[in-house]
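Chains as they are written, first to last, in this note's numbering: chain A, 1 to 137; chain B, 1 to 137; chain C, 1 to 137; chain D, 1 to 137.
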């Protein structure tokens, strides 16, 4: 089941609320299960460089059906796939991208957040994930 | 004055309502005055090919500070700039993209709509423009 | 003899003066004989879409050692090289780009102008060419 | 307030004077607050490879509203965002790019310098920054 516009809006609303609570200007990008843009929201004050980073985190997550930071284990120094990060137009193997799964395990899409530190972006992305899961109940 | 997230949301809400009223699934892309993505909304059922078209219409409008279809006059058969459409990564010289201007005449950004016929997209884009202008009052 | 920074500045100064005299905000791009950017000047108020167009006209001129509009004869309807405009990353087969030649006939570089109508851009480019030729005397 | 052609020329003049004083042939690229080229100057003798580096440093600075070398802290070995340098078309996380801010803190644009060592490029860029700040007084 691909992500719906309703799901996407819920993710954006909650991720934005979390960012605002943390005093941050974040960018939230949401992709469908084929990696195509479904929704995008840039809060006022976010730096331009974060547009591509949010999209890239979301793309990394949906392409490998995992959290963006999990890709690091494959390409880090000594790992079996050096320079995997150059594939697919350039991956973002750090936190802030999350694959969205349906209750049956199928892929629904992904979200990517950028604007703060990696830790902050990850927190905001998790708020978005929680909102997505709430829409499924 | 660049477009705000508040402006952008108003545009999306009204353009989507118009599309729904017309029985269409549309995509709405909103760019800031430098052509960077500010907000994006893809209604359920819109074809994937319309993602790039909506963005391209919005880009055409903001780059030339006009409606996307106005660029046609420069590049149509017999016009003075044949193949201008190849510039700037590829223009979309047909309706659905509108430059957003501030009351003082300055550029605020642009919006692009794709999903229906050019005539339908233009109507939806105009609903978005009206919403933008209402936020300025 | 490749174009010098001194030549380039003279071109920009005179082209800008001409544009100002005509009440236009123009963009002037200057390339060396290998097609690499030598100098660039964007007058305040020029539209963003003209950045790429000025560069593209200059590139068309230097790649074929002619005026950018001369390329039209090769690719216009019925001409022997249909869609030549798609080569080299996209040509600009309309006025405003001029190849710069040394007195001995060697290529020095090119200039491209965008900001007004094709006729206006061509006039401004010719003012730039005259300035270049004056530096050679 | 976006950077003006007047600001840009002052930056180029002073950065070039500094480079000349240091016996270097430098390239100076100036972008507006949306990352679009405003002005560009290549001194005679600068290597072609520096064209893209100067632009990339300027782009890195304007996208993240900082000095280009500051981005290194996010992507260096052990830092939280490995391979961030692949984002935004490729970043330049080393010295020579500086974001230009208005007195009110708003972004005006950026400049990027390449041609010498990173230390030399940084010195030349700082001369450009000083010239920009002088135009604001």
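Ideal Cβ positions, reconstructed from N, Cα and C, are used throughout, including at glycine.
All of these numbers come straight from a predicted model, not from anything done at the bench.
*Contact set for residue 42(A): own chain, Cβ-Cβ below 7 Å, skip 5 residues either direction*: In the first chain, counting from the first residue as 1, residue 42(A) sits at position 42. Closer than 7 Å at the Cβ level, and outside the excluded window around residue 42(A), lie 27 and 51.
*List, in order along the chain, the chain D residues whose C-beta lies closer than 8 Å to that of residue 63(A)?*
On the first chain, residue 63(A) is found 63 positions in, with the first residue counted as 1. Here the premise fails: no neighbours, minimum Cβ distance about 14 Å.
*Under 8 Å Cβ-Cβ, which residues of chain B neighbour residue 28(A)?*
Numbered from its first residue, the first chain carries residue 28(A) at position 28. Per Cβ cutoff of 8 Å: no residues; residue 28(A) is ~10 Å from chain B at best.
*Looking only at DSSP bridge pairs, what is residue 205(A) linked to?*
Past the edges of chain A, shown from 1 to 137, lies residue 205(A), and the structure says nothing about it.
*For a contact meaning CB atoms closer than 7 Å, what does residue 36(D) contact in chain C?*
The sequence position of residue 36(D) within the fourth chain is 36, counting from 1. Per Cβ cutoff of 7 Å: 48 and 51.
*How big is the Cα-Cα spacing for residue 127(D) and residue 111(D)?*
For the purposes of this step, residue 127(D) is taken as the residue at position 127 of the fourth chain. For the purposes of this step, residue 111(D) is taken as the residue at position 111 of the fourth chain. Those two C-alpha atoms are separated by around 11 Å.
*For chain B, find out if any of its Cβ atoms is closer than 8 Å to the Cβ of residue 92(C); answer yes or no.*
Along the third chain, read from residue 1 onward, the residue named residue 92(C) stands at position 92. At least one chain B Cβ lies under 8 Å of residue 92(C).
*Take residue 29(C) as the anchor and find which of 49(C), 47(C), 93(C) and 53(C) has the nearest alpha-carbon.*
The sequence position of residue 29(C) within the third chain is 29, counting from 1. The shortest C-alpha separation from residue 29(C) is found at 53(C).
*Given a cut-off of 8 Å, decide if residue 24(D) and residue 116(D) are closer than it, judged by their beta-carbon atoms.*
As a position in the fourth chain, residue 116(D) is number 116, starting the count at 1. As a position in the fourth chain, residue 24(D) is number 24, starting the count at 1. A contact, by the Cβ cut-off of 8 Å.
*So, residue 91(D) versus residue 62(D), is the Cβ gap smaller than 8 Å?*
Here residue 91(D) refers to the residue found at position 91 of the fourth chain. Here residue 62(D) refers to the residue found at position 62 of the fourth chain. No; because the gap between Cβ atoms is not below 8 Å, this pair is not in contact.
*Looking only at C-alpha atoms, which of 75(B), 76(B), 136(B) and 9(B) sits nearest to residue 101(B)?*
As a position in the second chain, residue 101(B) is number 101, starting the count at 1. Residue 136(B) is the option with its Cα nearest to residue 101(B).
*Please determine, among 33(B), 17(B) and 37(B), the residue with the shortest C-alpha to C-alpha distance to residue 1(D).*
In the fourth chain, counting from the first residue as 1, residue 1(D) sits at position 1. Closest option to residue 1(D), Cα to Cα, is 33(B).
*For residue 129(C), which of helix, strand or coil comes out of DSSP?*
What you label residue 129(C) is simply residue 129 of the third chain in a count that begins at 1. Helix, per DSSP.
*Between residue 87(D) and chain A, is there a C-beta pair that is closer than 8 Å?*
Along the fourth chain, one-based indexing puts residue 87(D) at 87. Chain A contact via Cβ: present.
*asked:* On the DSSP letters alone, give me the boundaries of the beta strand (DSSP E) that residue 38(C) sits inside.
replied: In the third chain, residue 38(C) corresponds to position 38, counting from 1. Start and end: 37 to 42.
*Assign residue 29(B) to one of three DSSP states: helix, strand, or coil.*
Locating residue 29(B) in the second chain gives position 29, where the first residue counts as 1. Residue 29(B): strand per DSSP, three-state reduction.
*CA-CA distance, residue 83(A) and residue 73(A)?*
For the purposes of this step, residue 83(A) is taken as residue 83 along the first chain, with counting starting at 1. For the purposes of this step, residue 73(A) is taken as residue 73 along the first chain, with counting starting at 1. When rounded, the distance between both Cα atoms is 12 Å.
*Short Cβ contact (8 Å threshold) for residue 17(A) with residue 39(A)*: Here residue 17(A) is taken as the residue at index 17 of the first chain, counted from 1. Here residue 39(A) is taken as the residue at index 39 of the first chain, counted from 1. Not in contact: residue 17(A) and residue 39(A) (Cβ atoms no closer than 8 Å).
*Within its chain, find whatever has a CB closer than 8 Å to the CB of residue 9(B); leave out the 5 residues flanking it on each side and keep chain order.*
Stepping through the second chain from its first residue, residue 9(B) is reached at position 9. 39.
*asked:* Please report whether the beta-carbon of residue 83(D) lies at a distance below 8 Å from any beta-carbon of chain C.
replied: Residue 83(D) sits at position 83 when you count from the first residue of the fourth chain. False, the Cβ-Cβ gap to chain C never drops below 8 Å.
*Pick out whichever of 67(B), 104(B), 76(B) and 35(B) has its Cα sitting closest to the Cα of residue 118(B).*
Taking the second chain and counting its residues from 1, one reaches residue 118(B) at position 118. That would be 67(B), whose Cα lies nearest to the Cα of residue 118(B).
*With burial defined as no fewer than 16 other Cβ atoms inside 10 Å of the residue's Cβ, what is the status of residue 57(B): buried or exposed?*
Taking the second chain and counting its residues from 1, one reaches residue 57(B) at position 57. Burial call: buried.
*At a CB-CB cut-off below 9 Å, which residues of chain D make contact with residue 3(A)?*
Sequence index remark: in the first chain, residue 3(A) carries index 3 (1-based). Per Cβ cutoff of 9 Å: no residues; residue 3(A) is ~23 Å from chain D at best.
*Going by the beta-carbon positions, is the gap between residue 113(B) and residue 125(B) smaller than 8 Å?*
Reading the second chain from its first residue, position 113 is the one you call residue 113(B). Reading the second chain from its first residue, position 125 is the one you call residue 125(B). Contact flag set, yes.
*List the residues of chain D that residue 43(C) touches, going by C-beta distances under 7 Å, in chain order.*
Your numbering for residue 43(C) matches position 43 in the third chain. What residue 43(C) touches in chain D: 5.
*Does the separation of the CB atoms of residue 131(B) and residue 11(B) fall below 8 Å?*
What you label residue 131(B) is simply residue 131 of the second chain in a count that begins at 1. What you label residue 11(B) is simply residue 11 of the second chain in a count that begins at 1. Going by C-beta atoms, residue 131(B) is nearer than 8 Å to residue 11(B).
*Residues of chain C with a CB under 8 Å from the CB of residue 80(B): which are they?*
As a first step, residue 80(B) is located in the second chain; it is residue number 80 there, counting from the start. Here the neighbours are 94, 95, 117, 118 and 119.
*So, residue 96(A) versus residue 59(A), is the Cβ gap smaller than 8 Å?*
Indexing the first chain from 1 puts residue 96(A) at position 96. Indexing the first chain from 1 puts residue 59(A) at position 59. Their beta carbons are not under 8 Å apart, which means residue 96(A) does not touch residue 59(A) by this criterion.
*Residues, ordered as in the chain, of the region 7 to 26 of chain D that lie near chain C by beta-carbon distance below 7 Å*: none
*asked:* Counting only beta-carbon separations shorter than 8 Å, does residue 39(A) have a partner in chain B?
replied: What you label residue 39(A) is simply residue 39 of the first chain in a count that begins at 1. It does: the Cβ of residue 39(A) has a partner Cβ on chain B nearer than 8 Å.
_Using only the alpha-carbon positions, how far apart do residue 104(C) and residue 64(C) sit?_
Locating residue 104(C) in the third chain gives position 104, counting from the first residue. Locating residue 64(C) in the third chain gives position 64, counting from the first residue. Whole-angstrom Cα-Cα distance: 18 Å.
*How would you write the range of the alpha helix (DSSP H) that residue 7(C) sits in, first residue to last?*
Within the third chain, the letter at position 7 stands for residue 7(C). Element bounds for residue 7(C): 5 to 21.
*Secondary structure at residue 59(C), three-state DSSP: helix, strand or coil?*
Mapped onto the third chain, residue 59(C) falls at position 59. Helix.
_Spatial neighbours of residue 69(A) in its chain, beta-carbon cut-off 7 Å, leaving aside the 5 residues before and after_ = For the purposes of this step, residue 69(A) is taken as the residue at position 69 of the first chain. Cβ neighbours of residue 69(A) beyond the five flanking positions: 93, 94 and 95.
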